[in-house]
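K.L.:
Would you mind keeping the following structure in view while I ask a few things?
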Amino acid sequence: MTFEPYFLIALLALPFIGSVICVFLLNNKSRDLPVAVGGVVTLLAILLTAGFYPSVSDGQAVRYSLEWIPQLGLNFSLRLDGFAWIFTMLIAVIGFLVVLYARYYMGKDDSVARFFSFLMAFMGAMLGIVLSGNVILLSVFWELTSIFSFMLISFWHHNAAARDGARMALTVTGIGGFSLLIGLLLLGNIVGSYDLDKILASGDLIRSHPLYLPTLVFILLGAFTKSAQFPFHFWLPNAMSAPTPVSALLHSATMVKAGVFLLVRLWPVLSGTYEWFWLVGLAGILTLLLGAYFAMFQQDLKGLLAYSTISHLGLITTLLSLGSPLATVAAIFHMLNHATFKASLFMAAGIIDHETGTRDLRRLSGLFRFLPITATLAMVASAAMAGVPLLNGFLSKEMFFAEAVETHADSILDRALPYVATLAGAFSVVYALRLIHTVFFGPAPTDLPKPKPHEPPHSMRLPIEILVIACLVVGIVPAMSIGPFLHVAATSVLGSDMPEYSLSIWHGFNLPLLMSVIAIVGGVILYVVLRKYLASCDDGPPILRNLKGQRIFERVLVDVSWRWARLAERRFGTRNLQPQLRWLVAVGFLAALLPLYLARFEIRDITFTGIDPAFAAIWLLGICLAIGTAMLAKYHRLAALIMLGGVGLIVCITFVWLSAPDLAITQLLVEVVTTVLILLGLRWLPKRTVSVDDHITLRGRFRRFRDLMLAVVCGVGMSFVAYAVMTMPVPDAIANYFLENAYAQGGGRNVVNVILVDFRGFDTMGEIAVLGVVALTVYALLRRFRPAEDSFEMPEQQQIQNRFDEERPERSAGDTVRDYLLVPSVIMQWLFPVIITFSVYLFMRGHDMPGGGFSAGLTLSIAFLLQYLAGGTRWAEDRIRILPLRWMGAGLLTAVTTGIGAWAMGYPFLTSHFRYIEVPLVGKVPAASALLFDLGVFMLVVGSTVLILVALAHQSIRINRLRTIEANRTEEG
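For the sequence shown, this note's numbering assigns the number 136 to the initial residue and increments by one for each residue that follows.
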C-alpha cells in the first residue's frame, strides 16, 4: 500500500491547518508563535513536495480521489504531475522565504497572527489550484485565491489605497473567476467529464467541437484577469499598497502566475488553433510591450516592479500563444526565473521602504553607501530581470527571442513579433538600469522620512540572498541546476511532443544573441537619453499618462452600479409594491407554464368530493385570518401579528391532519420563535399612521380593484394547484425510494429526518450555511440600525406605570412592570431546564420519531427567548453565557467534519453509517453518524436564532443609553 495519496492530502491541508492555528493566536501578543507556525507549515510542505519527486520524475502522476457526487463527475480529486510538482515546490519555497522575511518586516502594531492566518490560507488555496485533478475543484480554489488575496492586499485597512486596491483586485479577478467557471463547465460538457486526466486526453474532440470558441473565450477571460493581461492589467499596480511580503508572494510567484499556469495546463487541448494564436498572442504582445513601457516611467519603486511583472507575464503569454512545444518549454522556464528574481526584488524594495520610509524614486539616491549588501543583491536581481548574460533571466529570454524569429502563423502578428520582442527587451533594460542607477548611485539622499538608513538584520536579508544565488547558479550552470526539474515539468505537459532543447549558456553567434545585444545596448542608450526626464517627470508615461486603469475601473463601476441602476429604476422600478408584485407574478406564471406547455401537460379530472367539513372550516378560518392580517398590517401591527400567528397555527394543524408530524412540530416552533422576534422588532418601527385620507379617486378605485382581482386569482389558483397535487394520483416518484431505503441505508425510521441529514444532507448543509449568513446579516444591519425618533420615548403604558411608581415614596420606577411580570417570569425561569430537557429529547429521538436537530435547536432557542423576556437583556446575559457566534461556527464545522469523516472511510462526502451499539443497562441502541451532522444543524440553528435575539434585545440597551445622555444634556442645560 502506498501512502503518497495521503501525503498529497496532507500537503494541501497543511496551510489551512496553519491558518486555523494562527486564528487561535490572535489574542496572543507573541510575534514569534505565528511565524513559527508559518515556518513549520512551509518547511513541511517543502519536505513533502520533495518526497514526491522520485514518482513524478519517472513520468508518473500521483493521484487521490474522494467521491463527492460521482454521478455528476464531481469528485475531490488531486493530481500531482511534474508541472504541478515544480509549481508546488515554487509556492512552498517562496512561501518559506516570505515567512522569514515577514518576521522582520511587519511593524509592532500589525496583527502578525492575522497576517499569517491570511497568508497560510492563500498558500493553501494556491496549492489547491495547482493540485486539483477536477476542473470544478480548481475553480473553487481559484475563487479562494481571490478572496484571500483581497484580505492580504487590504491588510492595512486603515489605508484607503489598500482598501481600493483590494476591492479592485477582487472585482476584476472575481469576474474572471466566474467567467472561468462557465468555460470549465462548457469544457466538461464537451468532454463528458470534469476529470482533468480525461480532459487532457480529449484535445482533438475539444478543438473540433462547435463550443470550442466560447469555451476558449471564457477560460481566457479567467486566465487574463488573474495574470493581469491587457486590458485587465490595471489591478496589479493598484495592489501595491499591500505589505511587501504579500507582493513578494502573490505578485511575483503565485497569484499572478495562476493564469499562465492554467494556460500551460490546458495548452495541450486548447492551443494550436487560429483562434488561440490571435486571442492569446494579441493579449500577450500588448501586455508585454505596454507593461514595459509603463514600467520605465513609474516613480513608485513597487509600481515599477508591478508593471515589469505585467510585462514579463505578457512575455510568458506570448510564448504560449505560438503553439510551439519549444515555446511552451521556454514559458515554463521563464515562469520559474521570473518568480525567483522578482520575489527578491520585491523584498529588496521592502527593505528600502522599511529603512528610508519612502518608495518614491525621485527621493531615493546613493543608497549603496548605506545598504551595500542589499544594493548588490538588488542589482544582480535587476540584471537578471533585464536579461543580462550569466543570469537566469538571460536564458529564458534567449529562448523567447529564438521562438520570436520562427514562423508559427503567417500573419502580421507573427512577422512583427521579433521587433516587438527586441523593443520590449530594450525597455526592460531601461527600467532595470533606472532602478539600479537611481536608487543606489548618485548623491546621498537629503529629504528621507528616515534620514539614517542601514542594513537590516541578516535574517531579513537571507531570503534575498538565497534567491539571488539561485539566479546566479541557474544562469551559470543551468543544465546541472534547473535542467532536470524543467525537463520533468515540461514532459508532463507536452508528453510525446517534448522537443529537443539545450540549456547551454553559449549557442554561438546567432540571431537571438544579436537581438539580446541590440536590446541591451539600445536600452542603455535609451536610458541615457531619458535619464534627466525620468528624474523629474510625473508618474506615468507620456502620451498615455492620462490612461489610468483605476480611473476607467471606477468610472465603469459608477456607470454600472449607479447610472445604469438609476436608469433601470426609472424604467422599471416604482416606489409602490404592487407593480413589482405584478412583475413577479407574471414571470412566475410564465416560468411555471412554459415547462408544462413544452411537456404537453394534460389536466386530469379533479373531483371535489370527500372534503371533510371540519378540515374545510379550518382552512376557511385560515383564509379569514390571512385576509385580516393583510388588512391590519398597516394600521394595527400587533393585531396583524396575532392573526399571522393564527395562520401559521392553521398550517400546523393542516400538517397534523395530513399525517406530517415532523412538519407540524417544525411549523409550530418556527411560529413561536418568529412571532416573538417580530414582536420584539415591532417596538422599534415608526408609529403607525393615525389618519387616512378617505377621498379616493376613480383611478385609485380601479387600481385597488385590479390588485384585488390579481390577489384573488393568485390565491385561488394556488389553492387549486395545492388541492390538485394532494388529490390527484401520484405516479412512481422518488418518494418510494426514500420510504424503502430510509432504514436500510440511513438507519432511521423517521423518513423526513433521514432525508434531511442523509439522502439530502448536502442540501441541508447549504441551507444551514445560508441560515448562518442570514443571521450574521441581520445582526450587522441591526448593529447599524437607528430607530425612528418617535420610537425613543417609552410606550405610553410604561410611562403611566412609571409615573404611578414615582408618585409614591416607597416605590421606584419600574416596580409596577416587575410586579406584573413576577409570576410569568418565575414560571419562565423554572421552565428553562424543562425546555432544555425537552430539546435534548427531540434531538435524540429525531432519527426514528418526529424531532431532529432543527426542531431541537428551535426548542432550545425558545428557552433562551423566555429568559430574555423574563428578566430582561442585562439579567439574562449576566447569568447565561451563550456566545452565539461560537455555536454557529462549531455547528457548521461539525456538519462539514461529518462529511469529511465519510471521505476518510472511503465513501462519498456526507455518506451516513449506522450500527447498533451496546449500552450498559439499556442494551442495543441504534446509532448513526448522521447524528453528528444533526448536532451541527442543532448548534447552528441555536446560534443563529440567539444572535438575532441578541441584536434585537440590545436595541433597548442602546435606547436607554441615549435617553441617559439626553437627560444629562438637559440637566446641564
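Backbone N, C-alpha and C fix where the C-beta goes; we use that ideal spot for every residue, glycine too.
None of the values given here were measured: they were computed from a predicted structure.
Who does ASN132 pair with in a DSSP beta bridge?
P.N.:
Since the first residue shown for the chain is 136 and the last is 1108, residue 132 is missing from the structure and cannot be characterised.
K.L.:
Which of the three DSSP states, helix, strand or coil, is assigned to TYR442?
P.N.:
helix
K.L.:
If you drop the 5 nearest sequence neighbours on each side, which residues of the same chain put their C-beta closer than 7 Å to that of MET136?
P.N.:
Annotation note: pLDDT 45 at MET136 (below 50); position unreliable, coordinate value reported separately. Residues of the same chain with a CB within less than 7 Å of the CB of MET136, apart from the 5 flanking positions on each side, do not exist.
K.L.:
Determine the extent of the beta strand (DSSP E) in which TYR1051 is found, giving its start and end residues.
P.N.:
Note, TYR1051: beta strand (DSSP E), 1049-1054.
K.L.:
Less than 8 Å separating the beta-carbons of LEU440 and LYS477?
P.N.:
yes
K.L.:
Under 8 Å: do the stretch 606-615 and the stretch 522-529 share three or more Cβ pairs, one atom per stretch?
P.N.:
yes
K.L.:
Is it right to say LYS532 is buried, meaning 16 or more other beta carbons lie within 10 angstroms of its own, or is it exposed?
P.N.:
That one is buried.
K.L.:
Output needed for ASP435: all residues of its chain with C-beta closer than 8 Å, excluding positions within five of it in sequence on either side, in chain order.
P.N.:
MET375, ARG494, ASP495, LEU496, ASP674
K.L.:
Taking all protein chains shown into account, do 16 or more other C-beta atoms lie within 10 angstroms of the C-beta of PHE283, making it buried, or fewer, making it exposed?
P.N.:
Buried, because 16 or more other Cβ atoms sit within 10 Å of the Cβ of PHE283.
K.L.:
Name the one or two DSSP bridge partners that SER212 has.
P.N.:
SER200
K.L.:
Per the DSSP calculation, ASP435 is bridged to which residue(s)?
P.N.:
ASP495
K.L.:
Which residues share a DSSP beta bridge with ALA948?
P.N.:
Answer is none; ALA948 lacks a bridge partner.
K.L.:
Return yes when the Cβ of SER563 is within less than 8 Å of the Cβ of ALA537, no when it is not.
P.N.:
no
K.L.:
Need the endpoints of the alpha helix (DSSP H) that LYS667 sits in, please.
P.N.:
Secondary structure note for LYS667: its alpha helix (DSSP H) is the uninterrupted segment 646-671.
K.L.:
Who pairs with ALA1062 in a beta bridge, going by DSSP?
P.N.:
Answer by DSSP bridge pairing, in chain order: ARG1050.
K.L.:
When the Cα atoms are used, what is the spatial distance from GLY394 to VAL691?
P.N.:
24 Å
K.L.:
Which whole-angstrom value describes the C-beta separation of ALA304 and PHE365, a residue pair presumed to lie in contact below a C-beta threshold of 8 Å?
P.N.:
Their Cβ separation, rounded to whole angstroms, is 16 Å, which puts ALA304 and PHE365 out of contact at 8 Å.
K.L.:
Secondary structure at TYR1003, three-state DSSP: helix, strand or coil?
P.N.:
helix
K.L.:
Restricting to Cα atoms, I'd like to know which of GLN1090, ARG884, PHE151 is closest to MET255.
P.N.:
Out of GLN1090, ARG884, PHE151, PHE151 has the C-alpha closest to the C-alpha of MET255.
K.L.:
Span of the alpha helix (DSSP H) holding ALA243?
P.N.:
The sequence shown places Lys at residue 243, not Ala. Counting along the chain, LYS243 falls outside any alpha helix (DSSP H), and DSSP gives it neither H nor E.
K.L.:
Determine the closest residue to SER456 out of ILE420, ASP797, GLY338, with distance taken between C-alpha atoms.
P.N.:
The shortest Cα separation from SER456 among ILE420, ASP797, GLY338 belongs to ILE420.
K.L.:
Relative to the C-alpha of ARG980, which residue among ALA1063, ALA915, THR951 is closest?
P.N.:
ALA1063
K.L.:
Which of helix, strand or coil does DSSP assign to ILE962?
P.N.:
helix
K.L.:
Given that a residue counts as buried once 16 or more other Cβ atoms are within 10 Å of its Cβ, and exposed if not, what is VAL1114?
P.N.:
Any property of residue 1114 remains undetermined from this structure, which presents the chain solely from 136 to 1108.
K.L.:
Looking only at C-alpha atoms, which of SER165, ILE962, ILE869, LEU279 sits nearest to ALA998?
P.N.:
ILE962
K.L.:
Skipping 5 residues on each side, what residues in its chain have a beta carbon closer than 6 Å to that of HIS344?
P.N.:
ILE325
K.L.:
Return the Cβ separation of ARG238 and VAL158 in integer angstroms, given the expectation that the two are a contact with Cβ distance under 8 Å.
P.N.:
The pair is not a contact, with the Cβ atoms about 19 Å apart (cut-off 8 Å).
K.L.:
Buried or exposed: where does ALA427 fall if 16 or more other Cβ atoms within 10 Å of its Cβ makes it buried?
P.N.:
buried
K.L.:
Which word fits ASP797, buried or exposed, when buried means at least 16 other C-beta atoms lie within 10 angstroms of its C-beta?
P.N.:
Label assigned to ASP797: buried.
K.L.:
When DSSP labels each residue in this structure, what does ASN162 get in the three-state scheme?
P.N.:
coil
K.L.:
DSSP three-state label for SER637, please.
P.N.:
Here SER637 sits in coil by DSSP.
K.L.:
CB MET482 to CB ILE599, shorter than 8 Å?
P.N.:
Yes.
K.L.:
For SER281, which of ALA358, ASN645, LEU348 has the nearest alpha-carbon?
P.N.:
ALA358
K.L.:
Note down, in chain order, each residue of its chain lying with its Cβ closer than 6 Å to the Cβ of LEU843, except the 5 sequence neighbours on either side.
P.N.:
none
K.L.:
Looking at the structure shown, is PRO378 part of a helix, part of a strand, or coil, going by DSSP?
P.N.:
In the three-state scheme derived from DSSP, where H, G and I count as helix and E and B as strand, PRO378 is classed as coil.
K.L.:
Hey, out of LEU448, VAL565, PHE576, whose CA is closest to ARG504's CA?
P.N.:
Taking each of LEU448, VAL565, PHE576 in turn and checking the Cα distance to ARG504, the smallest one comes out for PHE576.
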